[in-house]
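Enquirer: Protein chains in written order, with my numbering: chain S, 58 to 212; chain G, 969 to 1263. Positions of the beta carbon are idealized from the N, C-alpha and C atoms, including for glycine. Values in this document were obtained by computation on a predicted structure and should not be read as measured data. One structure is given below, represented as structure tokens, and several questions about it will come after.
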Amino acid sequence: MPTVAREVMETSFLSLSPQATIAEAGEVFRRAADTAGRTVFGLMVIDEAGKPVGMLSMYDIFLLIRPKHIHIWGEMEDLDVAGIIDRACAKAKQVRVSDVMTTDLITISPETHLLHVIDIMIKRHVRRLPVIEDGRVVGLVYMSRVFRRLLERLA
Amino acid sequence: MGIVDHQGVLKGLMVQDAMRRQVIRLDQQASLADAVRATIKYKVNAVLVNDAAGEGVGVVSKTDLMGAYYADLPLDTPVTAVMVGPPVFCSATDSLDDALDRMREHRIHRLYVEGDQPRRAAGVLAYPDIVGLLYRFCNQCERNLRRQGGGGTALADRFTLREVMTPGVYTHREDDSLIQVMEGLAAHRFGAVPLANQEGVTVGVVSKTDLIAAYLHGLPAAGPARDIMSAPVQACDQEETLASALHTMIFADIHRLFVYKQDPRHLVGVFSLSDAARIRSGTCRACVVSRIKIG
């Protein structure tokens, strides 16, 4: 059973540039899913110098797509909403990743103990943690992967 | 739920009937860049700043962030440098009318709703939140002219944009600098300004959101407004009904519409969701009594 982050982290992962648009990010999300063979819910944002500057998650994109006045909709039975999703997506596509990414990153080191990793995931409601060594991202620890390894011990 | 009353549609309603429970907040250490990102991501005009104990100490609005851009403050400056405090709170059980009066009195666009503990926000109330309620009452109103199926007569009897818009449009030239546009917006307390070309034809619009995004992207404020404008301008003819204008705003996810008279290239007024809330009446003439009283 692995005991530290280094042993469970994913070392091959796609990332985003902060200058990329949401349209470009969408393309990377799709590619990342194809590569990983599963849905990818979040990507690291890394600047030209290789420094992690944020994370873009599915939730960030949902927020961007959600109409400002969605709370009024319930009152407007007569509202014709045909085409409104396309409209919202067209607007979101042009936004830059750096405008909506989450910047208060919670990071760990390769030597962070797995029980600490679990503790952080519980307390901070995060599903993935970037592993930082010498200021660079060397891997990502996914909640699902930690759980899978844990299951082996729980058997 | 209040009673539909033609002396004032919102009578009997409380803040909790209209407030939003999701309050966007930052801590005092957050930077101006964090604040700009929060307003863009959550599509809000202002963010509450909390102290370490979770109590609201200030509010940072798009106007304040635009001021920071104008003053050329570095993006990593703490939000506390530009926030306005303390936030104005109300209670969830205050009447909506009182809350609107307080907003007008303080010349602010939102009130934070105090939860069980003092100075801790459990919700927020802004003008557009009230528009949903107006709609609900229109739909339930016995005197709703559209529900009566009056056909053409009923349509003609509804408010047109001409009657409810703010007449006159303040514009800038497309080659004016962002600095000039910011000065204009601040002086007139507007959220957006249309840009006109040499011939006086409207070619686009620059909003506070566009300006603070430019700030975040590091664009020089001396650059031309044209570089960051949105085009085409969302506009409606002044003879369109208020209900149709509200539909357009909801559909385009905007809260401001420019109004033209026959020719979309020449604007004659502006109408915002906040204006719709300030009218405190619905979308048809059944509400005319309350409108006259307040107006």
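Measure the Cβ-Cβ separation of leucine 1000 of chain G and leucine 1043 of chain G and say whether it is below 8 Å.
Expert: It is a contact, given that the beta carbons lie within the stated cut-off.
Enquirer: Bridge partners of proline 1086 of chain G, per DSSP?
Expert: Paired residue(s): none; proline 1086 of chain G is not in a bridge.
Enquirer: Where do the ends of the beta strand (DSSP E) carrying threonine 1209 of chain G lie?
Expert: From DSSP, threonine 1209 of chain G is part of no beta strand (DSSP E); its letter is neither H nor E.
Enquirer: Hey, does alanine 1220 of chain G have any beta-carbon neighbour from chain S nearer than 8 Å?
Expert: With 8 Å as the cut-off, alanine 1220 of chain G counts as an interface residue toward chain S.
Enquirer: Since glutamate 1023 of chain G is in the beta strand (DSSP E), which residue starts that stretch and which ends it?
Expert: Element bounds for glutamate 1023 of chain G: n/a, residue is neither H nor E.
Enquirer: Would you say aspartate 143 of chain S lies against chain G (beta-carbon separation less than 8 Å)?
Expert: No, no contact with chain G.
Enquirer: What's the C-alpha gap between arginine 193 of chain S and proline 109 of chain S?
Expert: Cα to Cα, arginine 193 of chain S sits roughly 7 Å from proline 109 of chain S.
Enquirer: Comparing C-alpha positions only, which one of S:Lys148, S:Leu208, S:Glu190 sits nearest to arginine 63 of chain S?
Expert: The option with the nearest alpha carbon to arginine 63 of chain S is S:Glu190.
Enquirer: Looking only at DSSP bridge pairs, what is alanine 190 of chain S linked to?
Expert: Going by the sequence as given, residue 190 of chain S is glutamate instead of alanine. Answer by DSSP bridge pairing, in chain order: S:Arg193.
Enquirer: How big is the Cα-Cα spacing for lysine 1268 of chain G and aspartate 156 of chain S?
Expert: Residue 1268 of chain G is absent from the model: chain G starts at 969 and stops at 1263.
Enquirer: What is the rounded straight-line gap between the Cα of glutamine 1148 of chain G and the Cα of isoleucine 1180 of chain G?
Expert: The alpha-carbon atoms of glutamine 1148 of chain G and isoleucine 1180 of chain G are separated by roughly 15 Å.
Enquirer: What is the DSSP secondary structure of histidine 1140 of chain G, counted as helix, strand or coil?
Expert: If DSSP states are grouped into helix, strand and coil, histidine 1140 of chain G belongs with the strands.
Enquirer: List the residues of chain S whose Cβ lies closer than 7 Å to the Cβ of alanine 1193 of chain G, in chain order.
Expert: Under the 7 Å cutoff, chain S gives no residues; its nearest Cβ is about 18 Å from alanine 1193 of chain G.
Enquirer: Count Cβ pairs between the region 1074-1081 of chain G and the region 1045-1065 of chain G that sit closer than 8 Å; are there 3 or more?
Expert: The answer is yes - the region 1045-1065 of chain G touches the region 1074-1081 of chain G, with three or more Cβ pairs under 8 Å.
Enquirer: Are the beta-carbon atoms of threonine 78 of chain S and arginine 144 of chain S separated by less than 8 Å?
Expert: No, the Cβ-Cβ distance between threonine 78 of chain S and arginine 144 of chain S is not below 8 Å.
Enquirer: According to the neighbour-count rule (16 or more other Cβ atoms, all chains shown, within 10 Å of its Cβ), is serine 69 of chain S buried or exposed?
Expert: Under this definition serine 69 of chain S is an exposed residue.
Enquirer: Express the C-alpha separation of proline 59 of chain S and valine 1028 of chain G in angstroms, rounding to a whole number.
Expert: Their backbone Cα atoms lie some 46 Å apart in a straight line.
Enquirer: Is the number of C-beta pairs between the region 1068-1077 of chain G and the region 1088-1102 of chain G that are closer than 8 Å three or more?
Expert: The answer is yes - the region 1088-1102 of chain G touches the region 1068-1077 of chain G, with three or more Cβ pairs under 8 Å.
Enquirer: Between aspartate 104 of chain S and the rest of its own chain, which residues show a CB-CB distance below 7 Å, the 5 nearest in sequence each way excluded?
Expert: Cβ within range, chain order: Pro75, Val110.
Enquirer: Say whether the region 87-101 of chain S touches the region 114-133 of chain S, bearing in mind that this needs 3 or more beta-carbon pairs closer than 8 Å, one atom from each stretch.
Expert: Contact between the region 87-101 of chain S and the region 114-133 of chain S is present, because at least three Cβ pairs lie under 8 Å.
Enquirer: Using the DSSP secondary-structure output, state which residues sit across from arginine 185 of chain S in a beta bridge.
Expert: In the DSSP output, where bridge partners are listed per residue, arginine 185 of chain S has S:Tyr199.
Enquirer: Can you find a CB in chain S that lies within less than 8 Å of the CB of valine 1099 of chain G?
Expert: At least one chain S Cβ lies under 8 Å of valine 1099 of chain G.
Enquirer: Any C-beta of chain G sitting closer than 8 Å to the C-beta of leucine 120 of chain S?
Expert: Cβ-Cβ to chain G under 8 Å: yes for leucine 120 of chain S.
Enquirer: Would you say the region 1197-1209 of chain G touches the region 1231-1245 of chain G, given that touching needs at least three Cβ pairs under 8 Å?
Expert: With the cut-off at 8 Å, the region 1197-1209 of chain G and the region 1231-1245 of chain G touch.
Enquirer: Measure the C-alpha to C-alpha separation of glutamine 921 of chain G and valine 203 of chain S and round it to an integer number of angstroms.
Expert: Nothing about residue 921 of chain G can be reported from this structure: the residues present for chain G run from 969 to 1263 only.
Enquirer: Suppose the cutoff is 8 Å on Cβ atoms and the five residues either side in sequence are ignored; what does the same chain contact list for arginine 210 of chain S look like?
Expert: Taken in chain order, the residues that qualify are Met58.
Enquirer: Where does serine 155 of chain S fall in DSSP's three states?
Expert: In this structure, serine 155 of chain S counts as helix in the three-state DSSP scheme.
Enquirer: Excluding the 5 residues preceding and the 5 following proline 187 of chain S in the sequence, name in chain order all residues of the same chain whose CB lies nearer than 7 Å to its CB.
Expert: If we look at proline 187 of chain S and ignore the five residues flanking it on each side, its Cβ neighbours are Met101, Pro109, Leu162, Thr164, Val194, Leu197.
Enquirer: If you check the beta carbons only, do alanine 1213 of chain G and phenylalanine 1239 of chain G fall under 8 Å apart?
Expert: Going by C-beta atoms, alanine 1213 of chain G is nearer than 8 Å to phenylalanine 1239 of chain G.
Enquirer: Would you report the Cα separation of proline 1162 of chain G and threonine 1139 of chain G, rounded to the nearest angstrom?
Expert: Answer to the nearest angstrom: the Cα atoms are 5 Å apart.
Enquirer: Only counting the same chain, and skipping five residues up and downstream in sequence, which positions put a Cβ closer than 6 Å to that of valine 1015 of chain G?
Expert: Closer than 6 Å at the Cβ level, and outside the excluded window around valine 1015 of chain G, lie Ile992, Leu994, Ala1003, Ala1006, Val1028.
Enquirer: DSSP puts alanine 1203 of chain G in a beta bridge; with which residues?
Expert: Paired residue(s): G:Phe1226.
Enquirer: Give a yes or no on whether the C-beta atoms belonging to valine 1173 of chain G and methionine 1197 of chain G are separated by under 8 Å.
Expert: Yes, Cβ-Cβ distance for valine 1173 of chain G and methionine 1197 of chain G is below 8 Å.
Enquirer: Using the Cβ count rule (16 or more neighbours within 10 Å means buried), how would you classify lysine 1176 of chain G?
Expert: By the 10 Å Cβ count, lysine 1176 of chain G comes out buried.
Enquirer: Determine, for aspartate 985 of chain G, whether the minimum Cβ-Cβ distance to residues of chain S falls below 8 Å.
Expert: Output row for aspartate 985 of chain G: interface = no.
Enquirer: Would you call the CB atoms of glycine 1237 of chain G and proline 1135 of chain G closer than 8 Å?
Expert: Yes, these two residues count as a Cβ contact at 8 Å.
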